[in-house]
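What follows is a set of notes on a single structure, which appears directly below.
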Amino acid sequence: MKKLLSFFAIVICLKTAHAARVDTVDVPSARMNKEIKAVVISPEHTKATHVLYLLHGYSGKYSDWVRRAPRLADLVDAYGFMVVCPDGGYDSWYWDTEQADYQYETFITRELLPYIERSYGVGSDRFNRGITGLSMGGHGALYLAFRHQDLFAFAGSTSGGVDIRPFPNNWNIKQRIGSYHDHPNAWNEHTVMGLIHLIQPGNLQLFIDCGTDDFFFDVNNRLHEQLTYHNIPHHYLTMPGKHDWNYWSRSIDFQMAFFNQCFQRTEATK
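Here is the structure:
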């Protein structure tokens, strides 16, 4: 609790007078045979060594975060780490599926990370990487982090769809992995709630938040309860708010402060 309160204090006190650099890049995906756009936000006066991969939600795109939460650029400049917002497709849920143009797990983990690290000279160790996102992207961030603990040491989610099973007819999920009725095992294997057993003790630092009026509030509470039951340390924050940009424009402050603390601890141990 003290650690959580300490980064709350950082959020409250944070001020900046700088402007981060915002680039849009085309990242080649050999797996999907196309180029995929990403926004790269770099601190203006600091050479970044750490990167936070920040994922958008269902029906969104790569530019959502920088357009809808412009304070993000100020936070990047204040904290001194890079933020990368890749395009995850309209409804990919950041999975690899049987459809050739839905290979976003491979894109993020095997194509985007090397491209960013090669192009920007940032660190390539798991302790240099964090991943989080909103809604579909919150699910995607935890899904990828749980499955790729060799790549990520820090992960988060804001208003994440962390259990897809209560929503069998929503958000084109059954178009990606089949219907829940016919393919229950696929749904269990593609939902964050079904992957808790993959977390190795002490391997991931986690921060999860959700608004109390969000339609994903109940599944986030259940995830919190399951993580607690399995003795998996994590930070869990609830605040008033719905599933909208009013909430995410506030929650990004806490997300960024959490990852800053993670990266700062990494630097302190070197």
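The sequence shown runs -19 to -1, 1 to 251 under mature numbering (1 follows the signal peptide of the UniProt record, and there is no 0). Backbone N, C-alpha and C define an ideal beta-carbon position, used for all residues, glycine too. Nothing here was measured: the structure is a model prediction, and the numbers come from that model.
Item: For residue 282, the nearest candidate out of G38, G61, D144 and P9 (CA to CA); Value: Given that the chain is displayed from residue -19 to residue 251, the structure contains no residue 282 and the question cannot be resolved.
Item: Given V65 as reference, the closest of F188, H37 and A11 once Cα atoms are compared; Value: H37
Item: Y71 versus H211: straight-line alpha-carbon distance, rounded; Value: 33 Å
Item: Simplified DSSP state of H164, which is helix, strand or coil; Value: coil
Item: Length of the line joining the Cα atoms of G121 and M13; Value: 18 Å
Item: Strand pairing of K18, partner residues [DSSP]; Value: D7
Item: Under the three-state DSSP convention, the category residue 328 falls into; Value: No statement about residue 328 is possible, as the shown extent of the chain runs from -19 to 251 and does not include it.
Item: Close-in-space but distant-in-sequence residues of the same chain around D194 (CB under 6 Å, 5 per side omitted); Value: K223
Item: V143 in three-state terms, based on DSSP; Value: coil
Item: Contacts around S230, its chain only, beta-carbon distance under 8 Å, and the 5 residues preceding and following it disregarded; Value: R49, A50 and R52
Item: Sequence-distant residues of its chain with Cβ nearer than 7 Å to T30 (five each side left out); Value: V103, G104 and N109
Item: Status (buried if at least 16 other CB within 10 Å, exposed otherwise) for Q181; Value: exposed
Item: Same chain, Cβ closer than 6 Å to L(-15), neighbours up to 5 away in sequence not counted; Value: Only weak support exists for where L(-15) lies, its pLDDT of 44 falling under 50; the coordinates are left without a value.
Item: Within 8 Å, strictly: CB atoms of L176 and R128; Value: yes
Item: Cβ shell of P24 (< 6 Å), same chain only, five flanking positions each side left out; Value: A1, V57, D58 and G61
Item: Outcome for H162 when other beta-carbon atoms lying within 10 angstroms are tallied against a minimum of 16; Value: exposed
Item: Three-state class that DSSP yields for G111 in the structure shown; Value: strand
Item: Length of the line joining the Cα atoms of L115 and I189; Value: 10 Å
Item: Where L56 falls: helix, strand or coil (DSSP); Value: helix
Item: Cβ shell of T113 (< 8 Å), same chain only, five flanking positions each side left out; Value: L33, Y34, L35, L36, G119, A122, A136, G137, S138, T139, F188, Q236 and F240
Item: Per-residue DSSP class, three states only, for S73; Value: coil
Item: Close beta carbons around V47, own chain, < 8 Å, minus the five adjacent residues each side; Value: V3, V20, I22, L53, A54 and C66
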